[in-house]
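Mind the numbering: the sequence shown is residues 1 to 942 in UniProt numbering, read in order. By construction, the Cβ of each residue, glycine as well, lies at the ideal position given by its N, Cα and C atoms. Following: one structure in structure tokens, then a few remarks.
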Amino acid sequence: MDEQALMGLNPNADACYRQRALAYFEQLKESLDGWEVCAQALAKGVYSDDHIKFFCFQVLEHQIKFRHGSLTAAQQQLIRETLMKWLQAQLMNVHPEKPFIRNKVAQVLALTFVMEYLTLWPKFFFDILNLVGLNPNGVDIYLRTLMAIDAEVVDRDILHSPEETRRNTLIKDSMRERCIPALVESWFQILQTYQHTHSELTCQCLEVVGAYVSWIDLNLIANDRSEHVCVSERGDCLFEIVNKGMDPVDKTKLVDSLCQVLQSAGFFSIEQEEDVDFLAKFSRLVNGMGQSLVLSWTKLSKMGDVKVSAGTLRAVEGKVPLMLQLLIHEDDDISANIVGFCYDYLHVLKQLPALNEQQKTNVEAIMLAVMNKLKYDDEYNFENEGEDEAMFVEYRKQLKMLLDRLAQVSPELLLEAVHRVFNATMQNWQTVQFMEVEVAIRLLYMLGEALPASHGAHFSGDTTKTSTLQSMMRTLIICGVSEYQHSSVTLEFFETVVRYDKFFLVEPQHIPSVLMAFLDHRGLRHSSPKVRSRVAYLFSRFIKTLYKHMNAFIEDILSRIQDLLELAPPENGVPVLLSSDDQLFMFETAGVLIVNGESPAERKQALMRSLLTPLMEAFRMLLAKLPQEANEERQAVLADCLSHAVGFASRTSKAFSNKQTVKQCGCSEVYLDCLQTFLPAISCPVQRGPLRSAVRSFLHRMIICLEEEVLPFIPAASQHMLKDCEPRDLQEFIPLISQITAKFKVQVSPFLQEIFMPLVMAIFEVLSHPAEENDQTAALEKQMLRRSYFSFIQTIASSGMNEVMASQGAENIERVLFTIIQGAVDFPDPVAQKTCFIILSRLVELWGGKDGLVGFPDFIYKHIVPACFMAPLKPTFDLSDAQTVLTLSECTLTLHMIHLKRGLECIQFLQEYLPSLQVSPEITQELCQVLQQPDVKVLKNI
Numbered sequence: 001m002d003e004q005a006l007m008g009l010n011p012n013a014d015a016c017y018r019q020r021a022l023a024y025f026e027q028l029k030e031s032l033d034g035w036e037v038c039a040q041a042l043a044k045g046v047y048s049d050d051h052i053k054f055f056c057f058q059v060l061e062h063q064i065k066f067r068h069g070s071l072t073a074a075q076q077q078l079i080r081e082t083l084m085k086w087l088q089a090q091l092m093n094v095h096p097e098k099p100f101i102r103n104k105v106a107q108v109l110a111l112t113f114v115m116e117y118l119t120l121w122p123k124f125f126f127d128i129l130n131l132v133g134l135n136p137n138g139v140d141i142y143l144r145t146l147m148a149i150d151a152e153v154v155d156r157d158i159l160h161s162p163e164e165t166r167r168n169t170l171i172k173d174s175m176r177e178r179c180i181p182a183l184v185e186s187w188f189q190i191l192q193t194y195q196h197t198h199s200e201l202t203c204q205c206l207e208v209v210g211a212y213v214s215w216i217d218l219n220l221i222a223n224d225r226s227e228h229v230c231v232s233e234r235g236d237c238l239f240e241i242v243n244k245g246m247d248p249v250d251k252t253k254l255v256d257s258l259c260q261v262l263q264s265a266g267f268f269s270i271e272q273e274e275d276v277d278f279l280a281k282f283s284r285l286v287n288g289m290g291q292s293l294v295l296s297w298t299k300l301s302k303m304g305d306v307k308v309s310a311g312t313l314r315a316v317e318g319k320v321p322l323m324l325q326l327l328i329h330e331d332d333d334i335s336a337n338i339v340g341f342c343y344d345y346l347h348v349l350k351q352l353p354a355l356n357e358q359q360k361t362n363v364e365a366i367m368l369a370v371m372n373k374l375k376y377d378d379e380y381n382f383e384n385e386g387e388d389e390a391m392f393v394e395y396r397k398q399l400k401m402l403l404d405r406l407a408q409v410s411p412e413l414l415l416e417a418v419h420r421v422f423n424a425t426m427q428n429w430q431t432v433q434f435m436e437v438e439v440a441i442r443l444l445y446m447l448g449e450a451l452p453a454s455h456g457a458h459f460s461g462d463t464t465k466t467s468t469l470q471s472m473m474r475t476l477i478i479c480g481v482s483e484y485q486h487s488s489v490t491l492e493f494f495e496t497v498v499r500y501d502k503f504f505l506v507e508p509q510h511i512p513s514v515l516m517a518f519l520d521h522r523g524l525r526h527s528s529p530k531v532r533s534r535v536a537y538l539f540s541r542f543i544k545t546l547y548k549h550m551n552a553f554i555e556d557i558l559s560r561i562q563d564l565l566e567l568a569p570p571e572n573g574v575p576v577l578l579s580s581d582d583q584l585f586m587f588e589t590a591g592v593l594i595v596n597g598e599s600p601a602e603r604k605q606a607l608m609r610s611l612l613t614p615l616m617e618a619f620r621m622l623l624a625k626l627p628q629e630a631n632e633e634r635q636a637v638l639a640d641c642l643s644h645a646v647g648f649a650s651r652t653s654k655a656f657s658n659k660q661t662v663k664q665c666g667c668s669e670v671y672l673d674c675l676q677t678f679l680p681a682i683s684c685p686v687q688r689g690p691l692r693s694a695v696r697s698f699l700h701r702m703i704i705c706l707e708e709e710v711l712p713f714i715p716a717a718s719q720h721m722l723k724d725c726e727p728r729d730l731q732e733f734i735p736l737i738s739q740i741t742a743k744f745k746v747q748v749s750p751f752l753q754e755i756f757m758p759l760v761m762a763i764f765e766v767l768s769h770p771a772e773e774n775d776q777t778a779a780l781e782k783q784m785l786r787r788s789y790f791s792f793i794q795t796i797a798s799s800g801m802n803e804v805m806a807s808q809g810a811e812n813i814e815r816v817l818f819t820i821i822q823g824a825v826d827f828p829d830p831v832a833q834k835t836c837f838i839i840l841s842r843l844v845e846l847w848g849g850k851d852g853l854v855g856f857p858d859f860i861y862k863h864i865v866p867a868c869f870m871a872p873l874k875p876t877f878d879l880s881d882a883q884t885v886l887t888l889s890e891c892t893l894t895l896h897m898i899h900l901k902r903g904l905e906c907i908q909f910l911q912e913y914l915p916s917l918q919v920s921p922e923i924t925q926e927l928c929q930v931l932q933q934p935d936v937k938v939l940k941n942i
């Protein structure tokens, strides 16, 4: 062999040597007898370098794969001898070959097997087994070869030609006849020999069994001897056996026989088993057996075989005691593994016409297990939740699914069980551990979803359910458990109170005590920030539902939460009780209380002013400080605080509605004062982005709340916002102008005529700035700005305010129109293209008639009609994309509108224009005929 070329096989070799090695590899592959040099080197063990050995096997593999049929009988015999000699040499090696060499050998042996087993080498397995015996090196190669054969012959994920599929079927049939019993015997011998000394070989062997079990006779595997070995080895082999697709009756017999073997071997004695890893695998196996039996029962029930399905149901229920033992196991992983079977069993019970006593007992046992397993343990870290805590939360979700299914099987039983546990715990909550108290309240909370009611109306309808829930809620509030000193119990109390907030419509006398719980050390002033944060949100929900019952408490509540509504200036360093996000809920709650109270408008105005004045004062003070601050980090903190102030004021306005408008509540003046206070922030020379964003959001709200009263503020605000703006600023400003346009229409026409071109020019200016080639963020910002621009034009056109554009002068109008044509044709953005065609269609409708804009008909024929054909002809116009299909639809409607406005003139133009696009006379004629039909759908189809 070319020794210099072989040097290039080393990964650290120079590029020239590696190139030479590659060329040599190709030469040996193409040579008719070059492979024989490699075979000889392997058989004699000439080379010790791993890369050279791998190289030789690659050459051999190529020969077998692509030239086996053209080899002489002597050459085929040489390949067999080479492989067996190499294998024999491994038996004497102290150290086995590297895994990548062993895998390659297994692939070469598997390829040889596929080519020769049916004709030249029927004793393939017997020859290998006789050679390797139980030698660990030999057994390793043997097992790897079996897996490689599985990949070549059985693996369904690999696509095979019809010829290969036929060959593979013949190979499997032949193996079943000739050698499978011998292979199974070899697996058993390997497992028995190496179960305590070579765990890697044992795992490999079980992997082989799991792979082959899908197509060999199960009776060879599913017997006492094999199962004892399989389970004692903690393998997944039995799981594969159980999951094998087969006749439901046979599956039932198989699972039952497995269970007998496992039980006689002592595997059902779970209490005595200390190996948690084993129990985790065992629970997975029991889950698989149970689910397989349930599937068999389902199939048999559908077939109407009552007798056999009853037998299968008995088999299912025979596994329930074992399932329950695993479900209540202290290790949550073991318990979680059996949830699937438990869920499916309950689904079976749900389908039965009635439950017998044993089934009712099983349901109760599952309920008790779920209730018990829902409890937190002592190690759960509530203040700093990590991975273990996250896993328990997920496990709790699985248990909730079981509880919901239990409710479907027997709602009365569940309600009774929860009632019993709840009452027993609440009677002694002072002396019970936190996890017992938490889970008792949690169960009451979970009933809200397990026993659903329309729109949360749990306290009307079914009297048994209503009275039980009402009794539990009454107990929850009266027993004083809200004083329990653990955050999990506190949170569960408030969550439950809010879930069942409609209880207080039935028994409003409990509202004051619950309000106090929200407002004192149990709720908003709790020592845990996590509890305070959640309670702020829950309090907001509670007030929104029960605002009609709050009239007597409004001013007391506002007084008690006053310090929680203060804007925390960043410089005072005092720790705050609530974050700014939490405060948003508090301001919204305050707004709801003020707006929905029964006070006269004057009182509402006074309360709203006292709520918002401190915000405005703090805002003015901080805004004055901001430009004087040199430190950028400090600037950002101040800007953040200013943004929060605007956000809080904005959030209070969410309380208003059509029934309680700002004007009716006498609060217009307060919000106009807020506007005057906040608007100067948009011309602040520093931190423009966050400040402008906050003020823009406030303006959006005020357009809805103050309506035309906001209009005097819009022109000045717009002028400031258009100065020195970034793409994102413009992109966020355009929806504001669009909102004003859509809402006020003609009222804002003069303002729009004035601002239209400055806004358009600002957009053009930003879009004209070249972006770096690979700057995806800049490209996306430009795309979004372009969309916003077209959306703005669409809003103006759709609002019937064509005078806004018409008054801009011919040159400016033309410039804008060209951008729309460009957007429809040149940019591969179907969202923007669709908008552009909607604009064009609307403009044709407005200006395309006899009394339309001067010169517009020429523009239609020079640009709009061509755009309708050029856009779909673009290579980027992808009709498999839903947005592009919508674009095509709008394009069609534009053509239809042109014909509607221009009539025969349009048809004559198309008859001249379409041939220039190489459109045949027949298609041109058909299109022109269809265009003249009133039904647009026909045009869309063509």
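Rounded to whole angstroms, what is the Cα-Cα separation between N381 and F503?
33 angstroms
If you compare alpha carbons, which of L642, A639, Q687 and L706 is closest to N658?
L706
Residue range of the unbroken alpha helix (DSSP H) whose run includes T884:
A882 to R902
Output yes or no for whether 8 angstroms exceeds the beta carbon distance between M608 and C667.
yes
Is it buried or exposed, G597, if we count other Cβ atoms within 10 angstroms and call 16 or more buried?
buried
Please classify E588: is it buried, with 16 or more other beta-carbons within 10 angstroms of its beta-carbon, or exposed?
Counting C-beta atoms within 10 angstroms of its own C-beta, E588 has 16 or more neighbours from the protein chains shown and is therefore classed as buried.
Going by DSSP, what residue range makes up the alpha helix (DSSP H) through S788?
In the DSSP annotation of this structure, the continuous segment of the alpha helix (DSSP H) that includes S788 starts and ends at Q776 to S798.
With 16 other Cβ atoms within 10 Å as the buried cut-off, status of D724:
Counting the other CB atoms within 10 Å of its CB gives D724 a total below 16, which places it among the exposed residues.
Whole angstroms are fine: how far does the CA of I704 sit from the CA of residue 946?
Nothing can be reported for residue 946, as the shown portion of the chain is limited to 1 through 942.
Per-residue DSSP class, three states only, for D377:
coil
Determine the closest residue to Q90 out of V59, E163, V132 and F124, with distance taken between C-alpha atoms.
V132
Taking the Cβ atom as the reference point for each residue, do T201 and P136 lie within a distance shorter than 8 angstroms?
Looking at the sequence provided, one finds Leu at residue 201 rather than Thr. Yes. Within cutoff.
Return the CA-CA distance between C641 and C665, expressed in angstroms with no decimal places.
29 angstroms
Taking just the CA atoms, how far does I898 sit from A806?
19 angstroms
Please classify V854 as buried or exposed, where buried requires at least 16 neighbouring CB atoms within 10 angstroms.
Its Cβ having fewer than 16 others within 10 Å, V854 is exposed.
When DSSP labels each residue in this structure, what does E566 get in the three-state scheme?
Judged by DSSP in its simplified three-state form, E566 adopts coil rather than helix or strand.
How many Å lie between A536 and L615 at the Cα?
19 angstroms
DSSP state of S232, grouped into three classes?
Summary for S232: the model assigns pLDDT 47, below 50, so the residue's position carries little reliability, and this model does not support an answer.
Buried/exposed call for L904, threshold 16 Cβ in 10 Å:
The residue is exposed, with fewer than 16 neighbouring Cβ atoms inside 10 Å.
Spatial neighbours of T819 in its chain, beta-carbon cut-off 7 angstroms, leaving aside the 5 residues before and after
none
Backbone CA spacing between Q794 and L840 [nearest angstrom]
9 angstroms
What is the rounded straight-line gap between the Cα of T425 and the Cα of A568?
42 angstroms
Identify which residue in L326, S292, S533 and G386 has its Cα closest to the Cα of K281.
L326
Contact check, W297 vs V316, beta carbons under 8 angstroms
Cβ distance < 8 angstroms, so W297 and V316 count as in contact.
Shortest alpha-carbon distance to A110 belongs to which of E61, Q76 and W86?
E61
Contact defined as beta carbons within less than 8 angstroms: I believe Q808 pairs with M870. What is the distance between those atoms, to the nearest angstrom?
Not confirmed; about 26 angstroms, so no contact.
Any heavy atom of the ligand PLP inside 7 angstroms of the beta-carbon of L879?
Although the ligand PLP was asked about, the structure shown includes no ligands whatsoever.
At what residues does the alpha helix (DSSP H) containing I158 begin and finish?
I158 -> no alpha helix (DSSP H), and no H or E assigned at all.
Opening and closing residue of the alpha helix (DSSP H) in which M115 lies:
P99 to E116
Reduced DSSP category for M303 - H, G, I as helix; E, B as strand; rest coil
helix
What number of angstroms, rounded off, separates the C-alpha of V409 from the C-alpha of L346?
7 angstroms
Beta-carbon gap between L565 and R651 smaller than 8 angstroms:
no
Decide if T468 is buried, meaning its Cβ has at least 16 other Cβ atoms within 10 Å, or exposed.
Buried.
Can you tell which of T884, K862 and Q776 has the C-alpha that lies nearest to the C-alpha of P828?
It is T884 whose Cα lies nearest to the Cα of P828.
Would you kindly report the start and end of the unbroken alpha helix (DSSP H) that includes Y194?
I180 to Y194
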